[in-house]
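See below for the structure under consideration.
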Amino acid sequence: MQAEAYTHLLLATDLSPESEALAARARDLTERYGARLSLIHVVEYVAMEYAGDLIMPEDLDLENKLVAAAREQMDALGESLGVAAADRHVEVGSTKAEILRVAEEQGIDLIVIGSHGRHGLALLLGSTANAVLHGVGCDVLAVRI
1 MQAEAYTHLL
11 LATDLSPESE
21 ALAARARDLT
31 ERYGARLSLI
41 HVVEYVAMEY
51 AGDLIMPEDL
61 DLENKLVAAA
71 REQMDALGES
81 LGVAAADRHV
91 EVGSTKAEIL
101 RVAEEQGIDL
111 IVIGSHGRHG
121 LALLLGSTAN
131 AVLHGVGCDV
141 LAVRI
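Number 145 marks the last residue of the sequence shown (the UniProt record's numbering); no jumps.
See below:
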């Protein structure tokens with residue numbers, strides 16, 4: 001019995017220099033399977049100052065700056081990997097929730113995510129990789145970075 005080839009991969013990246021190995025692995029897999037590649041980075045910014053339930057304007061300004069910086073880095077990564085602009089996702093919110101949402105909406109069949117080497121319970125997977133692994137309906141490849 002032969003496994004079906006992956007057709008659409010989602011590279012979940014924190015855009016750190018360490019994630020270059022992750023991007024290389026995703027590129028290799030897309031070439032091997034002739035698959036489409038999408039990218040996601042989640043800005044998980046929590047405003048520090050609130051006025052009741054309202055976010056203060058300076059917090060929105062910082063969030064906008066974080067998103068703009070992430071989009072710039074994502075565009076550079078996307079261009080280096082040959083990923084179409086429409087397949088580059090910069091989202092704001094819970095990292096786990098946004099990865100799962102985009103994976104479902106885009107029909108992803110393999111998520112490639114980084115895993116930092118740690119001690120104890122987080123030894124095998126980082127908290128984000130672990131949360132995605134247990135919440136998604138497709139395969140997940142955790143690449144040690």
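Glycine residues also receive a C-beta, built at the ideal position from the N, C-alpha and C atoms.
Rounded to whole angstroms, how far is the Cβ of residue i from the Cβ of residue j, which I believe are closer than 8 angstroms?
i, j, result
"V90", "A70", "5 angstroms"
"V67", "V42", "The pair is not a contact, with the Cβ atoms about 10 angstroms apart (cut-off 8 angstroms)."
Which of the three DSSP states is assigned to residue i in this structure?
i, result
"D87", "helix"
"A21", "helix"
"A35", "coil"
"I99", "helix"
"A142", "strand"
"G78", "helix"
For residue i, which residues in the same chain have their Cβ closer than 6 angstroms to its Cβ, ignoring the five residues on either side in sequence?
i, result
"E104", "none"
"E18", "I145"
Ordered along the chain, which non-local residues of its own chain (more than five positions away) have a Cβ less than 7 angstroms from that of residue i?
i, result
"Q73", "L15"
"A26", "L9, L11, L37 and V112"
Who are the near neighbours of residue i in its chain, counting only those whose CB is closer than 8 angstroms to its CB and skipping five residues on each side?
i, result
"A51", "With a pLDDT of only 49 at A51, under the threshold of 50, the placement of this residue in the model should not be trusted; the figure read from the coordinates follows. Closer than 8 angstroms at the Cβ level, and outside the excluded window around A51, lies no residue."
Pairing CB atoms from the stretch 80-87 with CB atoms from the stretch 108-115, are three or more of them under 8 angstroms? no
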